[in-house]
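Colleague: What follows is a structure written as structure tokens; I'll ask about it next.
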Amino acid sequence: MHIAFVTSLYPSKSRPNYGTFVQQLVWEIARQGAKCTVVAPNSLFELRYGHLDPKIQKERVDADAEVQVFRPRFISASTKQVWRYNTNELSYRGFSHAARSQLLRMAKYVDILYGHFLFPSGRFVASIGKELGKPSFAAHGDDCIEGSDLKRGGQDFDNLTGIVAVSERNKKFCEMHLGFPSERIAVFPNGVNQHVFYPRDRDEMRRKYSLPLDKMLVAFAGHFIERKGPHRVLEAIKPLTDVGAVMMGTGPIRLETPQIVFKRSVPNSQVAELLSACDIFVLPTLNEGCCNAVLEALSCAVPVVTSRGDFNDEIVDDNVAVRINPMNIEEIRSAIVALASNPKLREEMSKRALSHSKRFSLEARAKGILEWIQETIGATQGGMR
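Position 366 of the sequence shown, counting from 1, maps to 370 under my numbering, and the rest follow consecutively.
Shown next as structure tokens:
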């Protein structure tokens, strides 16, 4: 089985954490024995982050598996409303032209098309799948979909063979807003590579990253944007002079305070080590699909403070996380203080977090998705050609 993954999110040398979760899923599916190719069109405007990666690369997954990555170029027009026209449609045309040109060259070798996220990739594979006569699937893990995307309703996805949703909430979205049939949507929550994300010795990790040994450390991981709330974390700990912050990520919000003891974007393996160095993980996010950062913290046995909301209900409960109003600084602070002042509670939550995380295995997720894809193709087309 040869699967071509089409995605607008994939790590590069200049943006090593951009779509890491997509790469990890592709690699795990490759480990399961499927031949995997990635088509990740590169906007020329990404030059602002540094040099673009080569147009063709090979990623060595392990001794028995590798993934070939194609990065055709295009010009993006971003997503801006200009009078009655949204430039997103121009961006989509550039993206789809680049991806289509690449897929046409390799079509005879590919069995299945898989678009990671509904827009632009899912919309594209639905179209090219019909043109090439190939089964096409899309992943819906988006937490925010532009209103301009939904103007076309579900017609962009009529030709999909199936949709992989990361939550029941996302499945309902596909049913209600896209009119996609329930029987062709499967729910597979995000998973964590538990060979990478596991607890390390706290003091050893602090020494490795030159972090203070005598402070209570709060971790944040994610983009520095309003929705994720890194500035709300820092505002919450401001009066807590004995608390330091480990801020993993980058973004437009400027974070400047003496309490920050670490601040930058890091590779996946280092995220796991830095989580292990910390006492509490805090993510006051306003919305998510199925939050990888929370799952990674749980897998590293770190007590979690995160938002109340149906977007988190399927991955955490009150046994493994302290739930807060993400816009209420006092609530965030009180949750941090409650955990910081109670070592026994932190220890109990740490054990429960690690146990709870076992249900979110990336290996099991990849295996489940592959089996469901084969079953769905068999049901809709009488078996794979």
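For every residue, glycine included, the Cβ atom is placed at its ideal position computed from N, Cα and C.
Is DSSP giving R127 helix, strand or coil here?
Modeller: Helix at R127.
Colleague: According to the neighbour-count rule (16 or more other Cβ atoms, all chains shown, within 10 Å of its Cβ), is F25 buried or exposed?
Modeller: That one is buried.
Colleague: Please list the segments of the beta strand (DSSP E) lying wholly inside the stretch 306-353, counting only runs of 3 or more residues, in order along the chain.
Modeller: Those beta strand (DSSP E) runs which fall completely within the stretch 306-353 and span 3+ residues are 308-311 and 325-328.
Colleague: Less than 9 Å between the beta carbons of T11 and H120, yes or no?
Modeller: It is a contact, given that the beta carbons lie within the stated cut-off.
Colleague: Could you compute how far the alpha carbon of I373 sits from the alpha carbon of F192?
Modeller: Rounded to whole angstroms, I373 to F192 spans 7 Å at the Cα level.
Colleague: Nearest-angstrom Cα distance between D68 and N272?
Modeller: C-alpha separation (whole angstroms): 22 Å.
Colleague: Would you check if the distance between the CB atom of C40 and the CB atom of V170 is smaller than 9 Å?
Modeller: No, the Cβ-Cβ distance between C40 and V170 is not below 9 Å.
Colleague: Which residues in the same chain as R19 place their Cβ atom closer than 7 Å to its Cβ, once the five residues preceding and following it in sequence are excluded?
Modeller: So the list reads Y53, once near-sequence residues are dropped.
Colleague: Mind listing, in chain order, the continuous beta strand (DSSP E) runs of no fewer than 3 residues lying wholly within the stretch 152-206?
Modeller: As far as the stretch 152-206 is concerned, its whole beta strand (DSSP E) runs of at least 3 residues are 166-169 and 189-191.
Colleague: Taking the alpha carbon of L182 as the point to measure from, which residue in Q106, S214 and D160 has its own alpha carbon closest?
Modeller: That would be D160, whose Cα lies nearest to the Cα of L182.
Colleague: Pull the bridge partners of Q3 from the DSSP assignment, please.
Modeller: Any property of residue 3 remains undetermined from this structure, which presents the chain solely from 5 to 389.
Colleague: Please determine, among A276, N316 and R188, the residue with the shortest C-alpha to C-alpha distance to P139.
Modeller: It is R188 whose Cα lies nearest to the Cα of P139.
Colleague: Where does E63 sit, in a helix, a strand or coil, going by DSSP?
Modeller: The answer is strand: DSSP assigns E63 an E or B state.
Colleague: Give the DSSP bridge partners of I284, in chain order.
Modeller: In the DSSP output, where bridge partners are listed per residue, I284 has V222.
Colleague: For a test of the three-state rule: what should DSSP assign to G387, helix, strand or coil?
Modeller: The predicted model places G387 with a pLDDT of 45, which falls under 50 and marks its position as unreliable; any figure quoted below should be read in that light. G387: coil per DSSP, three-state reduction.
Colleague: Could you name the residues of the same chain whose beta carbon sits closer than 6 Å to that of N21, not counting the 5 residues immediately before and after it, in chain order?
Modeller: Result list for N21: S269, in chain order.
Colleague: Where does M110 sit, in a helix, a strand or coil, going by DSSP?
Modeller: It is helical.
Colleague: Can you give me the C-alpha to C-alpha distance between G195 and G255, rounded to a whole angstrom?
Modeller: So the alpha carbons of these two residues sit roughly 24 Å apart.
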